[in-house]
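*Asks:* Chains as they are written, first to last, in this note's numbering: chain A, 127 to 212; chain B, 3 to 233.
For glycine and all other residues, C-beta sits at the position ideal for the given N, C-alpha and C.
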Amino acid sequence: MINVQLFFYFGIILAIVGSLATAWGPGVKDPIVRTFNTEVASIGVCLVLLCYNHVLALLTLVATTVIITLILFRAIIRLEEMGADV
Amino acid sequence: MLFLPNFVPDVFVSMYLPAIYAGLIVGFIGSMAIALRREEIHILILTDLIGLAMILVVSAVGTDLAEALILPGLVVELAETLAISEILISREMHKIEQNPRKNLSKSSSLFPVSFALDMEIMTTAPNFIALVLIAYGIFLTGFTGGAVAGGGIVLYMLSKKARGMPVLIIDGIAGVSGIAWCLWIIGFVLFFLTPSLWLLSLFLAACGLLLKVASKVGLIGLLMREDIDKE
Numbered sequence: 127m128i129n130v131q132l133f134f135y136f137g138i139i140l141a142i143v144g145s146l147a148t149a150w151g152p153g154v155k156d157p158i159v160r161t162f163n164t165e166v167a168s169i170g171v172c173l174v175l176l177c178y179n180h181v182l183a184l185l186t187l188v189a190t191t192v193i194i195t196l197i198l199f200r201a202i203i204r205l206e207e208m209g210a211d212v
Numbered sequence: 003m004l005f006l007p008n009f010v011p012d013v014f015v016s017m018y019l020p021a022i023y024a025g026l027i028v029g030f031i032g033s034m035a036i037a038l039r040r041e042e043i044h045i046l047i048l049t050d051l052i053g054l055a056m057i058l059v060v061s062a063v064g065t066d067l068a069e070a071l072i073l074p075g076l077v078v079e080l081a082e083t084l085a086i087s088e089i090l091i092s093r094e095m096h097k098i099e100q101n102p103r104k105n106l107s108k109s110s111s112l113f114p115v116s117f118a119l120d121m122e123i124m125t126t127a128p129n130f131i132a133l134v135l136i137a138y139g140i141f142l143t144g145f146t147g148g149a150v151a152g153g154g155i156v157l158y159m160l161s162k163k164a165r166g167m168p169v170l171i172i173d174g175i176a177g178v179s180g181i182a183w184c185l186w187i188i189g190f191v192l193f194f195l196t197p198s199l200w201l202l203s204l205f206l207a208a209c210g211l212l213l214k215v216a217s218k219v220g221l222i223g224l225l226m227r228e229d230i231d232k233e
């Protein structure tokens, strides 16, 4: 029997630690590192949704996370190529 | 007092408060970080955290209502990020054009180097795989079916080399989208006027949503192909 509560609390801790890392973690002056750090929090939220049996929400979260990461990378790359201070 | 429908399991009730507090903490951290930064691109990345906090708070409800609320929230967040990133890029472009000492290099695509997608499987397989995906998506109907069928359309459009879609086809896709909205609204109205026709209205709404999502995802594939196949 898998303990649901264990996964739930692990997901919550992962979400909080990931958001702390995104806000003040090491190397977040670089926007790419910051984008990667949001993934940690996103995995935590995925675990929480898994515990609640929200299948459709979980699938949509995974899909939109991928697309948002692509959009952010495109924006960062374009801004850096134009020589803007990021 | 706490109003609790009796179909919510006890496990979800015990997980309610931790999830709400975690959402509040994540949202607080995200907004503090936004308040401390000045660069717009960092703020855009941090907005993602606020979206995650929203999902945590909504998911704490624990019933189908939560699922129904999370889906539009995610889609709206996606559209918001896309729009704001475009605004940011064009604003920086204007700022640099104003400055005579800096010259603007020519605009780049998603991939900084020219990225030619030249694989055997991209020319032979997609006809069959796209057909299977679209058929399965139409069988599923609704939001999921639209996503699956749209994936098939994206695969087909990415792999076929025909550049430059005629304007007529793009107009056609927009028209299909409008018809889908009409189906959805008719289904919704029928649901309230004549509840005995619930099956018909359910299928009208589901097929409308299928057309809508599939055509939108197909348009994303069109844009991506224009971006990727650039030599």
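Of all the alpha helix (DSSP H) runs that stay within the bounds of the region 180-211 of chain A, which reach a length of 4 or more residues?
*Replies:* For the region 180-211 of chain A, whole alpha helix (DSSP H) runs of length 4 or above, ordered along the chain, are 181-208.
*Asks:* Let's test the definition: count the other Cβ atoms within 10 Å of the Cβ of Thr125(B) and tell me whether it reaches 16, buried, or not, exposed.
*Replies:* Thr125(B) should be labelled exposed.
*Asks:* Is the CB of Thr148(A) under 7 Å away from at least one CB in chain B?
*Replies:* At least one chain B Cβ lies under 7 Å of Thr148(A).
*Asks:* Let me know the secondary structure DSSP gives Glu41(B) once reduced to three states.
*Replies:* Of the three classes helix, strand and coil, the one that applies to Glu41(B) here is coil, per DSSP.
*Asks:* At the 7 Å Cβ level, is Ile169(A) part of the contact set with chain B, yes or no?
*Replies:* No, its Cβ sits nowhere closer than 7 Å to a Cβ of chain B.
*Asks:* Of all Cβ atoms in chain A, is any one closer than 7 Å to the Cβ of Ala85(B)?
*Replies:* No - not a single Cβ of chain A is within 7 Å of the one on Ala85(B).
*Asks:* Please list, in chain order, the chain A residues whose beta carbon lies closer than 9 Å to that of Val215(B).
*Replies:* None at all; the shortest Cβ gap to chain A is about 11 Å.
*Asks:* Between Pro157(A) and chain B, is there a C-beta pair that is closer than 7 Å?
*Replies:* For Pro157(A), the answer is yes, since a Cβ of chain B falls inside 7 Å of its Cβ.
*Asks:* CB-CB under 6 Å to Leu198(A), same chain, minus the five flanking residues each way: which ones, in chain order?
*Replies:* The residues are Thr161.
*Asks:* Note down, in chain order, each residue of its chain lying with its Cβ closer than 7 Å to the Cβ of Val215(B), except the 5 sequence neighbours on either side.
*Replies:* For Val215(B), where only same-chain residues beyond five positions count, the Cβ hits under 7 Å are Phe145, Gly148, Ala149, Gly152.
*Asks:* Step through the CB atoms of chain A and report whether any lies within less than 7 Å of the CB of Pro74(B).
*Replies:* So, not an interface residue.
*Asks:* Can you give me the C-alpha to C-alpha distance between Glu165(A) and Gly144(A), rounded to a whole angstrom?
*Replies:* Straight-line Cα distance between these residues: approximately 8 Å.
*Asks:* How would you write the range of the alpha helix (DSSP H) that Phe133(A) sits in, first residue to last?
*Replies:* From DSSP, the alpha helix (DSSP H) with Phe133(A) extends over 130-150.
*Asks:* Run through chain E and tell me which residues come within less than 7 Å of Phe134(A), C-beta to C-beta.
*Replies:* Going by chain labels, chain E is absent from the structure shown, which instead holds the protein chains A and B.
*Asks:* Against chain B, does Thr164(A) count as a neighbour if the rule is that its beta carbon must be under 7 Å from one of theirs?
*Replies:* Yes - at least one Cβ of chain B is within 7 Å of the one on Thr164(A).
*Asks:* Ser179(B) to Leu84(B), Cα distance in whole Å?
*Replies:* Approximately 20 Å, taken between the alpha carbons.
*Asks:* Counting only beta-carbon atoms, is Asp241(B) nearer than 7 Å to chain A?
*Replies:* A query on residue 241(B) cannot be resolved here, the shown segment of chain B reaching from 3 to 233 and no further.
*Asks:* How many Å lie between His44(B) and Ser92(B) at the Cα?
*Replies:* About 17 Å.
*Asks:* Would you mind reading off the limits of the alpha helix (DSSP H) that contains Gly153(A)?
*Replies:* Run containing Gly153(A): none; DSSP gives neither H nor E here.
*Asks:* Is there contact between the region 30-43 of chain B and the region 56-73 of chain B, where contact requires at least three CB pairs shorter than 8 Å?
*Replies:* Touching, no, given that fewer than three Cβ pairs across the two stretches are closer than 8 Å.
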